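J.: Let me begin by handing over the structure; questions about it come next.
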Amino acid sequence: MTLKALRANSGLSQEMAAEKLGIASSTLSKWENAKSFPDAIEIGEIEKLYNTNYNDIIFLPNNTV
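Its first residue numbered 16, the sequence shown is counted upward by one per residue in our numbering.
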């Protein structure tokens, strides 16, 4: 699942998710649009927030799998 889909399924706005992750909403937007990527610590926070595993997250939403 993409970051955007995970966020939507969690019922969080971009601003709410960014606040829970301790980042700016502009940073989350960049991650969701594959303009930049989270580091290892941030990935851990994403896994906790969305109760998912790194291997289940699609960080390049425009690529088909």
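No residue lacks a Cβ here, since even glycine has one placed at the ideal position from N, Cα and C.
Since this is a predicted model, take the numbers as computed values, not measurements.
Compare the Cα-Cα distances from GLU11 to each of LYS50, ASN48, ALA49, LEU43 and report the closest residue.
T.: For the chain, the structure presents residues 16 to 80; residue 11 sits outside this window and is missing.
J.: Assign ILE38 to one of three DSSP states: helix, strand, or coil.
T.: It is coil, neither helix nor strand.
J.: Which word fits TYR69, buried or exposed, when buried means at least 16 other C-beta atoms lie within 10 angstroms of its C-beta?
T.: It is exposed - the Cβ of TYR69 has fewer than 16 other Cβ atoms within 10 Å.
J.: Going by Cα to Cα distance, which pick from LEU75, LEU36, LYS35, GLY37 is closest to PHE52?
T.: Of LEU75, LEU36, LYS35, GLY37, the residue nearest in Cα terms is LEU75.
J.: Under 8 Å by Cβ, that's how I've got ILE72 and LEU27 pegged, so tell me the actual separation to the nearest angstrom.
T.: That pair is no contact at about 15 Å.
J.: Between the beta-carbon of SER40 and the beta-carbon of GLU30, is there less than 7 Å?
T.: Contact flag set, yes.
J.: Have a look at the DSSP bridge pairing and note the partners of ILE73.
T.: THR17.
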